[in-house]
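If you're matching positions, the sequence shown starts at 1289 in my numbering and goes up one per residue.
Okay, structure first, notes after.
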Amino acid sequence: MGGQWDFWIDRGGTFTDIVARRPDGALIAHKLLSENPEAYRDPAVHGIRELLGLKAGDPVPSERIGAVKMGTTVATNALLERKGDPTLLVTTKGFRDALEIGYQARADIFAKKIVKPELLYAGVIEADERVLADGTVERPLDEDTLRRALEAAYAEGLRAVAIVFMHAYRYPEHEQRAAAIARAIGFTQISPSHVVSPLIKLVGRGDTAVVDAYLSPVLRRYVDQVATELGAVEGQGPKLMFMQSSGGLTDAHLFQGKDAILSGPAGGVVGAVEVSRIAGFGQMIGFDMGGTSTDVSHYDGELERAFETEVAGVRMRAPMMKIHTVAAGGGSILSFDGSRFRVGPESAGATPGPKSYRRGGPLTVTDANIMTGKLLPEFFPAIFGPGQDQPLDAAAVHAAFAEMAKTIGGGRTAEDAADGFLAIAVENMANAIKKISVQRGYDVSGYALTCFGGAGGQHACLVADSLGMKRVLIHPFSGILSAYGMGLADIRATRSARC
1289 MGGQWDFWID RGGTFTDIVA RRPDGALIAH KLLSENPEAY RDPAVHGIRE LLGLKAGDPV
1349 PSERIGAVKM GTTVATNALL ERKGDPTLLV TTKGFRDALE IGYQARADIF AKKIVKPELL
1409 YAGVIEADER VLADGTVERP LDEDTLRRAL EAAYAEGLRA VAIVFMHAYR YPEHEQRAAA
1469 IARAIGFTQI SPSHVVSPLI KLVGRGDTAV VDAYLSPVLR RYVDQVATEL GAVEGQGPKL
1529 MFMQSSGGLT DAHLFQGKDA ILSGPAGGVV GAVEVSRIAG FGQMIGFDMG GTSTDVSHYD
1589 GELERAFETE VAGVRMRAPM MKIHTVAAGG GSILSFDGSR FRVGPESAGA TPGPKSYRRG
1649 GPLTVTDANI MTGKLLPEFF PAIFGPGQDQ PLDAAAVHAA FAEMAKTIGG GRTAEDAADG
1709 FLAIAVENMA NAIKKISVQR GYDVSGYALT CFGGAGGQHA CLVADSLGMK RVLIHPFSGI
1769 LSAYGMGLAD IRATRSARC
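Structure follows, in structure tokens:
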């Protein structure tokens, strides 16, 4: 067949969704597990092979591919689960605690016990230097002392460093010298704040630099892996683009950690807005429930973007869609701590996955839906277990919930326990929607709840009931709408500059 294929891909924490446009213009949908080490190394590349009729491990014929547009929750999930690279913070002497103190704003002013988010950096070096607001060098950078401290941190295994000096947004010379020293020592990820976020205010600039240093290595490893397998290197092969948090596409080599937080969800918002518009809804709430997290968004005639935001307790400054993320997905782990039910934030992911996947995984929201009869195993293909040839294991789910019901006590049945966990998951997701709509003065009763993501349809009606919404839109591509949105997005570049 002549012509080239285009692939629009959303690589989620649990599933990878692909919409392929054949050379004749027809669209094909494909879905596979994001992690299946027995079968393939990377789901996106493996899915492309399958759609091209190739066997696992076959070289990808890059000449048959025009473009690959991709979003990924690799960075989002690394942030939610705190699985980024160990990061070192280098800051001006006397300001080692500035990022931890932040703006001294309490997340909940009425909470009796404040639990501060876990810091992203594993260590701090105070550099003996100081530049004043007018550019006067009060203390030159002590390069020898800094070099010894960086060498010690490198010897301890740290490879990512964020450099945040006072007033470096306008006078970056000391940060430039510190970055050069770190580079000479061998640090592989260096994020100077004047490059990552060249704007005033130490805390916002520093937070963003730390996020970039923490996530960029994880992201870069994944991008390089995909590019290599597709032959998209050194200007050769198909055009490889990634979705940024702002809702625009960028070239693979320009993709940074700070711009990838909402990479996958941003494609979903673009797709949700378009299908809602076609269906005649000018106001909608986007409800994207995947395997690891749920992303909600608000649309009232124009895409909402923010330049300062907080995700998973981490502040950052980067242009991104206004999307609120909660750690509640189909793979969120269910637990009972002796006094209360808990849903997440930990996720079973694709490996081992939920209990029903036959890989020895824990009970999850997906299993609760099986227990209550909302998911029927007989309607799913036999692709589970180590050999990918078995159906969902409903018996193991029933046995595990029966055991948990005994632990909880109070005369509860296994179904009661599953219903209780689902009620908590639904309330978590409804509260996330309230935060972006009702708490900002919007009446969502006249909106459409546009649900997508692999698990969205299972909970859409319960969430709508909780919010008083009367319309739920489920598009034929709802299970892969984030991937569909990649193909509808524009190339976009955003630049920040000091005034």
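Note that beta-carbon positions come from the ideal geometry of N, C-alpha and C, so glycine has one too.
Keep in mind the model is a prediction, meaning the values are calculated, not measured.
- Within its own chain, the residues whose Cβ lies closer than 6 angstroms to the Cβ of A1706, once the five positions on either side in sequence are excluded, are A1656, M1659, T1660 and F1689, listed in chain order.
- Taking A1317 as reference, the option from D1305, P1311 and E1323 with the minimal CA-CA separation is D1305.
- In this structure, the beta-carbon distance from F1453 to T1379 falls below 8 angstroms.
- When DSSP assignments are scanned along the segment 1580-1653, the uninterrupted stretches of beta strand (DSSP E) that are 3 or more residues long and fall wholly within it turn out to be 1582-1588, 1593-1599, 1602-1609, 1611-1614, 1620-1624 and 1629-1635.
- Taking the CA atoms as reference points, L1542 sits about 41 angstroms from L1750.
- Annotated as proximal: V1511 and F1530, with beta-carbon spacing under 8 angstroms.
- Boundaries of the beta strand (DSSP E) harbouring S1479: Q1477 to P1480, taken from the DSSP string.
- Under DSSP, the beta-bridge partners assigned to C1739 are F1575.
- Among the bridge pairs identified by DSSP, V1760 is matched with L1737.
- Of the residues Y1409, H1586, P1486 and S1564, the one whose Cα lies closest to the Cα of L1503 is Y1409.
- For D1294, the secondary structure class from DSSP, reduced to helix, strand or coil, is strand.
- Excluding residues up to 5 positions away in sequence, V1714, E1715 and A1718 lie with their Cβ nearer than 8 angstroms to the Cβ of S1754 in the same chain.
- Assignment of beta-bridge partners to I1316 by DSSP yields A1308.
- Setting aside the 5 residues that flank it on each side, A1567 is surrounded in the same chain by L1761, each with a C-beta closer than 7 angstroms to its C-beta; the list follows chain order.
- Cα atoms of S1322 and V1514: separation of roughly 13 angstroms, rounded to the nearest angstrom.
- In this structure, the beta-carbon distance from G1301 to S1581 falls below 8 angstroms.
- For the 8 angstroms CB-CB criterion, I1473 and L1434 do not form a contact.
- For T1379, the enclosing beta strand (DSSP E) has its first and last residue at T1375 to T1380.
- By the Cβ-count criterion, D1385 is exposed, with fewer than 16 other Cβ atoms from all chains shown falling within 10 Å of its own Cβ.
- The way I'd put it, the segment 1341-1348 doesn't touch the segment 1411-1420; fewer than three beta-carbon pairs between them come closer than 8 angstroms.
- Nearest in C-alpha terms to V1732, of all of R1605, G1570, I1353 and G1359, is G1570.
- Taken through DSSP and simplified to helix, strand or coil, T1695 comes out as helix.
- Counting along the chain, G1335 sits inside the alpha helix (DSSP H) bounded by residues P1331 to L1339.
- With distances taken between CA atoms, H1334 lies nearest to R1299 out of M1692, V1685 and R1299.
- No Cβ-Cβ contact shorter than 8 angstroms links A1466 with S1479.
- Assigned with DSSP and collapsed to three states, F1689 falls in helix.
- A1600 has its alpha-carbon roughly 8 angstroms from the corresponding atom of V1614.
- By the C-beta criterion, the segment 1548-1567 is judged not to be in contact with the segment 1383-1403, since fewer than 3 inter-stretch pairs fall below 8 angstroms.
- For the set A1450, A1327 and M1608, the Cα lying nearest the Cα of A1781 is the one of M1608.
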